[in-house]
Amino acid sequence: SRAEIVAFLWMQGEGDSGYIPGSEYTKVFEALIDGFEKKFDSYLPAKGMAVVQAGISAHWKAYARTNDAKKEWAEKDAKNYYVDTLDLTLSLDVHDNGQYDAAHYDAAAEIILGNRFAECVADWLKG
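Per our numbering, the very first residue in the sequence shown carries number 25; after that it's consecutive.
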């Protein structure tokens with residue numbers, strides 16, 4: 025048997041939220057996925073791979089705009105998924121400069137996010 029790429033999982037967009045409009049974010053993301061699928065076509069199953077995007081936290085400027093673009097993109101195709109993250113807890117780690125890292129999720133939240141990604145992939149594989 026050969027290896028297959030059944031899903032592409034994406035947790036990114038935080039820095040982009042402040043300066044890239046949602047439509048531009050979607051355009052760039054679609055180009056990324058198109059390029060990935062072309063490069064790895066021989067490893068994709070016949071029905072294609074699931075593409076799961078996670079939302080970004082409310083810490084980031086214009087987070088809603090980025091998350092809305094991700095949600096709209098997910099609704100375009102049955103293989104696309106959006107995972108909400110607004111209920112996840114942020115890190116309380118302290119940087120060397122004494123500032124809290126309120127921009128990223130803590131370890132417990134990362135585990136929950138991983139499980140949400142896995143649920144989407146399992147859903148895609150069942151369908």
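Think of the CB as a built atom: it goes at the ideal place given N, C-alpha and C, for glycine as much as any other residue.
Tell me whether residue i is buried or exposed, calling it buried when 16 or more other Cβ atoms sit within 10 Å of its Cβ.
i, result
"Phe64", "exposed"
"Gln123", "exposed"
"Leu112", "buried"
Under a three-way DSSP split, which group does residue i fall into?
i, result
"Val118", "strand"
"Phe64", "coil"
"Ala70", "coil"
"Ala27", "coil"
From residue i to residue j, what does the alpha carbon distance come to, in whole angstroms?
i, j, result
"Tyr49", "Glu143", "25 Å"
"Ser41", "Lys71", "32 Å"
"Val118", "Ile80", "20 Å"
"Ile29", "Leu68", "5 Å"
"Lys150", "Met35", "23 Å"
"Ala27", "Phe60", "16 Å"
"Val145", "Glu96", "19 Å"
"Asp120", "Ser66", "45 Å"
"Ser115", "Asp125", "6 Å"
"Ala10", "Asp92", "Examination of residue 10 is not possible in this model, given that the chain is present from 25 through 151 alone."
Using only the heavy atoms of the ligand PLP, determine whether one of them is closer than 8 Å to the beta carbon of residue i.
i, result
"Glu143", "You won't find the ligand PLP in this model; it holds no ligand whatsoever."
What beta strand (DSSP E) runs, 3 residues minimum, are completely inside the stretch 76-130?
As for any beta strand (DSSP E) of minimum length 3 sitting wholly inside the stretch 76-130, the runs are 104-107, ordered along the chain.
Would you check if the stretch 93-106 and the stretch 117-136 touch, i.e. whether three or more CB-CB distances between them fall below 8 Å?
No: fewer than three Cβ pairs fall under 8 Å.
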